[in-house]
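Order-wise, the sequence lines are chains A and B.
Per the numbering used here, the very first residue in the first sequence carries number 1; after that it's consecutive.
Per the numbering used here, the very first residue in the second sequence carries number 1001; after that it's consecutive.
Heads up, the beta-carbon is just placed ideally off N, CA and C, and yes, glycines get one too.
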Amino acid sequence: MALVKVYVNYKKSILNPEAEAVHKALQRLGYENVEAVKLGKYFELTVADGKSKADLDAEINEICDKLLANYNMENYHYEIEETEAAQ
Amino acid sequence: MKFAVLAFPGSNCEMDLYNAIKDIIKEDVELVSYKNDSLAGFDAVLIPGGFSYGDYLRSGAIARFSPIIPALQEFAKSGKPVLGICNGFQILTEAGVLPGSLQKNVSAKFICKDETLVVNNDHSIFSSEYQKGQLITLPIAHGDGNYYADQETLKDLVANDQIVFKYTNNPNGSVDNIAGIVNKQGNVLGMMPHPERAVEDILGSSDGKGVFQSIVKHIKSRGVIYE
């Protein structure tokens, strides 16, 4: 099995008011050295064996383009971890 | 003529739309489940507001893969009128039927109040009953109503006169104060404000009636489109 970790976040040009609210809260709490906050989404996909690396890459990209990310406003990247018992 | 009102799990404005068409506009209307795969026999399709699939992932992102969507895309391609309101607008952008996307309101708050809109295009299928520059009052109720399109898309929207409604007092951060746009072909309108909640004076405003009357006028003057 493989564990695919997908990170989706907003493009630089996109406002992220939720992250802004978190950032302001951190400043209120005194963490003034925190200069910026981004808030995105994180997915873990547990994938069965049987596909080549190239095929799996193509499939994960397709999944991200089709559903997990909206290319208008989001970017994504992912890591594939080979694992015996992905949780 | 016959309207379809789509209903997804989590839609909550389908009966408002249904009643607006049946009682006020006085045309035939039928609820159509998201599980159906045909829109045969309908002259116009309305996609209601609400929180389809709980807004999980992104507003409209999961509804966009419902069994009814390929039929909706075909319907839109054939040139027949499609109107998506609020979550319906979000579903249309996620499905790639309309350009751009709807993000969190700049304030990060859910906003539920009346807004004044200005009619920016009075010759679309959906707005011919209004005058350009006319001010109308419609309620909004959304958390993700901040319309975003990149500069190039925005230029196209302006050049093709696709911006139908604008906010006079931008409540959510939408680019160019956009409240509603049509596709390039002009037969699909997405808008965040709720015309179906403003169709009789007892509701506070009847300014929304014109949207549905415009659709009816268009269809009755156009005759039949054969697929």
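Cutoff 7 Å: residue i Cβ touching any chain B Cβ
i, result
"Glu21/A", "Reading off the sequence shown, one finds Ala at residue 21/A, where the question assumed Glu. Chain B, which has a Cβ nearer than 7 Å to the Cβ of Ala21/A, makes this yes."
"Asn70/A", "yes"
"Met73/A", "yes"
"Glu18/A", "yes"
"Ala86/A", "Caution is warranted here: a pLDDT of 45 is assigned to Ala86/A, below 50, making its placement in the model unreliable, and the coordinate value is therefore given only provisionally. No, Ala86/A does not count as interfacial toward chain B."
"Tyr31/A", "no"
Proximity test, Cβ basis, 7 Å: residue i and chain A
i, result
"Lys1104/B", "yes"
"Ser1205/B", "no"
"Arg1222/B", "no"
"Ala1108/B", "yes"
"Ser1052/B", "no"
"Ser1101/B", "yes"
"Arg1197/B", "no"
Cβ-based burial, residue i [other Cβ within 10 Å; buried from 16]
i, result
"Lys1166/B", "buried"
"Cys1013/B", "buried"
"Val1211/B", "buried"
"Phe1042/B", "buried"
"Pro1099/B", "buried"
"Val8/A", "buried"
"Pro1195/B", "buried"
"Ala1061/B", "buried"
"Phe1008/B", "buried"
"Val1082/B", "buried"
"Gln87/A", "Only weak support exists for where Gln87/A lies, its pLDDT of 49 falling under 50; the coordinates are left without a value."
"Asp65/A", "exposed"
"Asp49/A", "exposed"
"Asp1156/B", "exposed"
"Gly1133/B", "exposed"
"Arg1197/B", "buried"
Candidates the options: closest to residue i by CA position
i, options, result
"Ser1128/B", "Leu1154/B, Asn1019/B, His1218/B", "His1218/B"
"Ala1063/B", "Val1216/B, Phe1089/B, Ala1108/B, Tyr1018/B", "Phe1089/B"
"Val47/A", "Leu56/A, Tyr71/A, Ser13/A, Lys24/A", "Leu56/A"
"Val22/A", "Tyr10/A, Ile14/A, Ala36/A", "Ala36/A"
"Pro1070/B", "Ala1040/B, Asp1055/B, Pro1048/B, Lys1155/B", "Ala1040/B"
"Gly1079/B", "Tyr1130/B, Pro1009/B, Val1188/B", "Val1188/B"
"Glu1074/B", "Phe1003/B, Val1045/B, Ala1159/B", "Val1045/B"
"Asp1161/B", "Asn1169/B, Ser1174/B, Ile1140/B, Ile1125/B", "Ile1125/B"
"Asn1170/B", "Lys1155/B, Asn1105/B, His1123/B", "Asn1105/B"
"Ile1202/B", "Ile1024/B, Gly1096/B, Tyr1018/B", "Ile1024/B"
"Glu79/A", "Ile60/A, Lys66/A, Asp65/A, Met73/A", "Ile60/A"
"Tyr42/A", "Ser52/A, Glu84/A, Met1/A, Asn75/A", "Asn75/A"
"Ala1108/B", "Glu20/A, Gly40/A, Ala58/A", "Glu20/A"
"Val1158/B", "Ile1136/B, Lys1184/B, Gly1173/B, Asn1146/B", "Lys1184/B"
"Lys5/A", "Leu26/A, Arg28/A, Lys12/A, Leu45/A", "Leu45/A"
"Glu32/A", "Leu39/A, Glu18/A, Lys24/A", "Lys24/A"
"Gln1131/B", "Lys1026/B, Ser1214/B, Ser1221/B, Arg1222/B", "Ser1214/B"
"Leu1154/B", "Thr1137/B, Ser1174/B, Gly1143/B", "Ser1174/B"
"Ser1066/B", "Pro1048/B, Glu1094/B, Lys1035/B", "Lys1035/B"
"Lys1026/B", "Val1032/B, Pro1048/B, Phe1003/B, Ser1038/B", "Phe1003/B"
Residue i beta carbon near the ligand HEM (any heavy atom closer than 6 Å)
i, result
"Val1029/B", "Looking at this structure, you won't find the ligand HEM or any other ligand, since it has none at all."
Coarse secondary structure for residue i, derived from DSSP in three states
i, result
"Met1015/B", "helix"
"Gly1054/B", "helix"
"Leu29/A", "coil"
"Ile974/B", "Residue 974/B is absent from the structure shown; chain B starts at 1001 and stops at 1227."
"Phe1042/B", "coil"
"Ala86/A", "With a pLDDT of only 45 at Ala86/A, under the threshold of 50, the placement of this residue in the model should not be trusted; the figure read from the coordinates follows. Ala86/A: coil per DSSP, three-state reduction."
"Glu1027/B", "coil"
"Asp1114/B", "strand"
"Gly1049/B", "coil"
"Phe1165/B", "strand"
"Glu44/A", "strand"
"Pro1070/B", "helix"
"Pro1139/B", "strand"
"Ile80/A", "strand"
"Ser1127/B", "coil"
"Leu1189/B", "strand"
"Ala21/A", "helix"
"Glu1200/B", "strand"
Interface residues of the segment 1128-1142 of chain B facing chain A [CB-CB below 7 Å] = none
Quick one, which residues of the segment 1165-1194 of chain B are near chain A if we go by CB-CB under 9 Å, in chain order?
-> Gly1173
Interface positions of the segment 1143-1154 of chain B facing chain A (Cβ-Cβ less than 7 Å), listed along the chain = Tyr1148
Residues of the segment 35-48 of chain A whose Cβ lies closer than 7 Å to any Cβ of chain B, in chain order | none
Check each residue of the segment 1053-1070 of chain B: if its Cβ is closer than 9 Å to any Cβ of chain A, include it; give the result in chain order.
-> Leu1057, Arg1058, Ala1061, Ile1062, Arg1064, Phe1065
For the segment 54-69 of chain A, which residues have a beta carbon sitting closer than 8 Å to at least one beta carbon of chain B?
-> Leu67, Leu68
Listed in chain order, which residues of the segment 4-18 of chain A have Cβ atoms closer than 8 Å to some Cβ of chain B?
-> Ser13, Ile14, Leu15, Asn16, Pro17, Glu18
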